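Residue numbers (the working numbering), protein chains in the order written: chain A, 138 to 321; chain B, 138 to 321. Remarks on the structure that follows.
What follows is the structure, encoded as structure tokens:
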């Protein structure tokens with residue numbers, strides 16, 4: 138049987154050591170019988186004009202996603218109360234395609250608490266906006282996309298302690314869960 | 138011909154006057170030959186336990202999305218550098234389903250500038266993380282989802298001046314563009 142292909146979505150591509158991080162995730166996937174596909178593309182022609190370069194990245198990412206059976210999304214909060222924006226579009230795409238949706242976060246903090254911290258650092262764009270508070274770690278559409286998109290829960294630090302942004306142990310738990318579900 | 142059904146995604150549901158905002162958007166859609174479907178649900182049983190309530194909201198939203206031909210997403214930045222998290226999952230879902238994707242933002246500010254402001258208010262979770270800078274108003278996956286998901290651009294304030302969070306004139310331009318594309 139061919140190893141299931143997992144699209145490794147996440148803001149990891151913005152890390153200074155993005156290539157090494159991608160390689161580490163792919164190695165973890167291999168240990169669990171999955172083929173990891175990272176959107177980090179060292180072959181990208183960075184001399185292209187910006188308007189051409191972003192479209193190339195978009196089309197490359199969509200093409201990679203088309204070739205994958207599942208997504209393992211890094212949903213660690215990024216520049217705001219919630220997960221990385223591009224990662225969330227990709228998560229929704231897999232759900233819409235009826236492909237399997239897995240995700241993890243290195244943060245164990247409650248979404249409502251993080252939203253309030255965000256609002257303290259940078260006030261809301263209008264007064265009186267509600268704070269979603271269901272005891273989840275992010276917006277309910279994210280939690281739902283994972284739960285109804287794979288039957289697994291969002292993978293969180295099992296000891297309740299938030300990890301460094303680039304830590305990989307929670308990712309590995311998530312990859313193991315995906316492999317288990319897929320019988321990989 | 139039946140009017141195309143537009144799912145009106147956005148953090149508008151968190152507004153204190155969410156019901157009135159939903160009604161105003163639905164009226165604008167009607168003027169342009171579209172049936173607006175708002176995720177705001179005044180009939181929700183708020184006495185349900187949180188773990189049951191958020192799943193009910195998720196399933197209601199997905200059911201509404203299933204019944205729609207297109208999404209008109211409010212992509213105005215919300216609690217961070219980017220658009221609302223739940224809205225982005227829904228945007229990706231429509232793209233994955235091959236349904237039409239339209240979106241607008243009331244902010245005219247460059248994504249890189251907003252990312253830097255976010256980082257100043259609330260430092261990045263790791264040092265050296267790159268700032269995406271393609272002269273767009275949000276993450277390239279959002280811009281790409283709209284552009285490749287409908288052939289239209291993300292609708293922005295035509296005069297380059299950011300609007301109030303709940304302003305509706307840019308939404309109306311977006312609804313008009315969607316109606317034009319659909320021949321509604």
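Glycine included, every Cβ here is placed at the ideal spot set by N, Cα and C. Note that the structure is predicted; figures quoted are calculated from it, not measured.
Same chain only: Cβ atoms within 7 Å of residue i, ignoring 5 sequence neighbours per side
i                      : result
residue 250 of chain A : none
residue 175 of chain B : 145, 159, 162, 163
residue 185 of chain A : 193
residue 282 of chain A : 228, 229, 232, 238
Cβ-based neighbour list, residue i, same chain, cut-off 6 Å, excluding 5 preceding and 5 following
i                      : result
residue 173 of chain A : 143, 145, 162, 163, 166
residue 308 of chain B : 241
residue 157 of chain B : none
Within chain B, the residues that residue i reaches when beta carbons sit closer than 9 Å
i                      : result
residue 226 of chain A : 225, 226, 228, 229, 232, 276, 278, 279, 281, 282
Partner residues on chain A for residue i, Cβ-Cβ distance less than 9 Å
i                      : result
residue 256 of chain B : 216
residue 179 of chain B : Near residue 179 of chain B there are no residues of chain A at all, since even the closest Cβ is about 14 Å away, more than 9 Å.
residue 305 of chain B : Simply none; closest approach about 13 Å.
residue 301 of chain B : 262, 263
Bridge-paired residues (DSSP) for residue i
i                      : result
residue 238 of chain B : B/208
residue 172 of chain A : A/142
residue 217 of chain A : B/217
residue 224 of chain B : Note: residue 224 of chain B sits in no beta bridge, so no partner.
residue 292 of chain A : A/241
Under 8 Å between C-beta atoms of residue i and residue j
i                      : j                      : result
residue 226 of chain B : residue 229 of chain A : yes
residue 199 of chain A : residue 239 of chain A : no
residue 147 of chain B : residue 210 of chain B : yes
residue 217 of chain A : residue 265 of chain B : no
residue 277 of chain B : residue 269 of chain B : yes
residue 243 of chain B : residue 284 of chain B : no
residue 219 of chain A : residue 222 of chain B : yes
residue 319 of chain B : residue 141 of chain B : yes
residue 288 of chain A : residue 233 of chain B : no
Assumed close pair residue i, residue j - CB separation to whole angstroms, cut-off 8 Å
i                      : j                      : result
residue 286 of chain B : residue 215 of chain B : Contact flag wrong, Cβ pair sits at about 20 Å.
residue 263 of chain A : residue 305 of chain B : With a Cβ gap of about 13 Å, residue 263 of chain A and residue 305 of chain B do not count as contacting.
residue 312 of chain A : residue 183 of chain A : Residue 312 of chain A to residue 183 of chain A, Cβ: 30 Å. No contact.
residue 191 of chain A : residue 280 of chain B : 7 Å
residue 275 of chain A : residue 212 of chain A : 6 Å
residue 245 of chain A : residue 317 of chain A : Not confirmed; about 22 Å, so no contact.
residue 236 of chain B : residue 206 of chain B : 6 Å
residue 315 of chain B : residue 259 of chain A : 31 Å between Cβ atoms; not a contact.
Beta-carbon neighbours of residue i, restricted to chain B and to distances below 7 Å
i                      : result
residue 291 of chain A : None at all; the shortest Cβ gap to chain B is about 13 Å.
residue 151 of chain A : 266, 267
residue 187 of chain A : 271, 272
7 Å Cβ cut-off: residues of chain A touching residue i
i                      : result
residue 194 of chain B : 277
residue 252 of chain B : 216
Own chain partners of residue i with C-beta closer than 8 Å, once the 5 adjacent residues on each side are dropped
i                      : result
residue 178 of chain B : 194, 197
residue 155 of chain A : 149, 177
Interface residues of chain A facing residue i [CB-CB closer than 8 Å]
i                      : result
residue 190 of chain B : 271
Cutoff 8 Å: residue i Cβ touching any chain E Cβ
i                      : result
residue 219 of chain B : No chain E is part of this structure, whose protein chains are labelled A and B.
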